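Numbering (the numbering used here), first residue to last: 120 to 478.
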C-alpha cells in the first residue's frame, strides 16, 4: 500500500502537526508513506520520520502547471495508490484526478471554517468531493456537514491524536513561574485572540502577576494587526507575548500553568490534545468537538464563545485554585491517553485505506 499525504506547508500549525504525526506513525507500520508539501516547507520538516519519502512542490499560484505536472510524474513513478489530502490541499488532489491519475483520493478536513463556505468556493469543493473516495472529518459536526453538503462516496469521523516528541529546548517563557497562560493557535480570526485579550485584561485586574503567551503563525494580515494593535493600545506589552511559530511545543507547555483556546469555530483542535499530554488544565470555548475533550469542572472549564467576561471569570477561578490546576490536568491527561491515542487512530486510518482500495 503506497500512500502520499498532501499538505500545503510544514510550518507549525494544527493541520500540519496532525499530518506529520500521521505520516510518522504510518511509516512505523511498514507502509510505503510519502509526504508532499505543496507551497512551503517549515520547521516541522525537521521532525519527519526518516522512513517517510518527501517531496516539495514549491507551488507558486493556484493553477501552477509546473507543480501539477511534477506531482503527477511523482505519483506515476512511485505507483501511489492513495492521495491523502489535508485541508486546503484537496484542490491539488482534485487536479490530479482531472489530469488522469489513477489514485484513490481521501480528503482530511481539520477545520470548522469550511462549514461557512459560500458561493464559488463551496461550489468548487462540492465538485471536487464527487471524486473523493472518502472524507475524514475530525468531529461529528463536520462529518454531518460533509454528508449533507458534499458528494463523496464515504464519510468517516476520526478524532485527532497528538504526539509531544522530545524536541530541542529553545523557547524560554517570560513572566512569573507557575503563573503562565498559553494559547496554541495561529493568528486567524476564527481563533478569536481578541476575545482572549479582552478576557485577559479583566484577569489582570485581579491577578496582575500572570502572563499570556500566544504561540502560532503570524499571517501578517489585517486580523494579526488588530491583535497587535490591541496589545499596544491596552498597554499589555509586558504581560502578553507573541511568540510566533515555535517548534519546541513540549518544552513550552512544560513551563505553562494553564492552556486556553478562545475560538469562534473549531474542528477538534490539536492544541487541546497537546495540553492534555502536558497535563495542563484548560479553559476553552464550547465550539466544535471541544466538549468531547474537555469535561466542564472535571478536566477544565467550558465557556461560551465571544464572551470575554465568562472567559475571564473561569480563567481567574482556575488560576486561584492550586487543587483544580493539578486535578483538571491529571483528568485531561487520562482522557487523552484513553480516547485519543495514536494506536487507535492509526488502526482506523489503515482500515479506511483498505476499504478505499477494495472499491
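C-beta: ideal position from N, C-alpha, C; glycine also. This structure is a prediction, so every number in the text was calculated from the model and none was measured.
For residue i, report the span of its beta strand (DSSP E) as first-last.
i           : result
residue 363 : 359-363
residue 275 : 274-276
residue 223 : 223-228
residue 124 : 121-128
residue 173 : 172-175
residue 153 : 151-159
residue 422 : 419-422
residue 386 : Residue 386 -> no beta strand (DSSP E), and no H or E assigned at all.
residue 403 : 401-404
residue 204 : 201-205
Looking only at its own chain, which residues have a Cβ that is under 6 Å from the Cβ of residue i, when we skip the five neighbours before and after it?
i           : result
residue 397 : 372
residue 259 : 276
residue 394 : 378 and 401
residue 424 : 383, 404 and 406
residue 264 : 234
residue 127 : 157, 158, 207 and 208
residue 311 : 381, 382 and 383
residue 328 : 295 and 298
residue 171 : 142, 146, 152 and 154
residue 273 : 253
residue 138 : 124, 126 and 205
Can you give me the Cβ contacts of residue i inside the same chain, cut-off strictly under 8 Å, excluding the 5 residues immediately before and after it?
i           : result
residue 336 : 130, 131, 132, 305, 306, 363 and 364
residue 165 : 366
residue 343 : 306 and 337
residue 330 : 292, 293, 294, 295, 298, 299, 300, 358, 359 and 360
residue 454 : 395, 412, 414 and 418
residue 353 : 316 and 320
residue 216 : 222, 224 and 250
What are the start and end residues of the alpha helix (DSSP H) that includes residue i?
i           : result
residue 338 : It is not in any alpha helix (DSSP H) - residue 338 carries neither H nor E in the DSSP assignment.
residue 185 : 184-196
residue 312 : 312-325
residue 263 : 259-268
residue 409 : 409-412
residue 216 : 209-217
residue 368 : 368-373
residue 248 : 238-248
residue 137 : 133-146
Quick one: residues in its chain with C-beta nearer than 7 Å to the C-beta of residue i, no 5 flanking neighbours on either side, listed in chain order?
i           : result
residue 218 : 187 and 191
residue 349 : 313 and 316
residue 280 : 140, 392, 459, 460, 461 and 464
residue 200 : 120, 121, 122, 222, 223 and 476
residue 433 : 402, 420 and 422
residue 175 : 156 and 160
residue 309 : 232, 382, 383 and 384
residue 467 : 277
residue 326 : 435 and 438
Assuming residue i contacts residue j under a Cβ cut-off of 8 Å, what Cβ separation, rounded to an integer in Å, is found between them?
i           : j           : result
residue 386 : residue 257 : 4 Å
residue 472 : residue 142 : With a Cβ gap of about 13 Å, residue 472 and residue 142 do not count as contacting.
residue 361 : residue 333 : 5 Å
residue 184 : residue 228 : Actually they are not in contact, since the Cβ atoms of residue 184 and residue 228 sit about 27 Å apart, beyond 8 Å.
residue 251 : residue 225 : 7 Å
residue 268 : residue 245 : 7 Å
residue 202 : residue 125 : 6 Å
residue 427 : residue 318 : 4 Å
residue 135 : residue 163 : 6 Å
residue 431 : residue 322 : 5 Å
residue 437 : residue 443 : 6 Å
| said: For the pair the region 400-413 and the region 378-390, tell me if three or more CB-CB distances fall below 8 Å. | reply: yes
Quiz item: When the Cβ atoms of the region 186-200 are set against those of the region 148-157, are three or more pairs found closer than 8 Å?
Solution: yes
- request: Starting from the N-terminal side, write out each stretch of the beta strand (DSSP E) that is 3 residues or longer and does not extend beyond the region 419-470.
  value: 419-422
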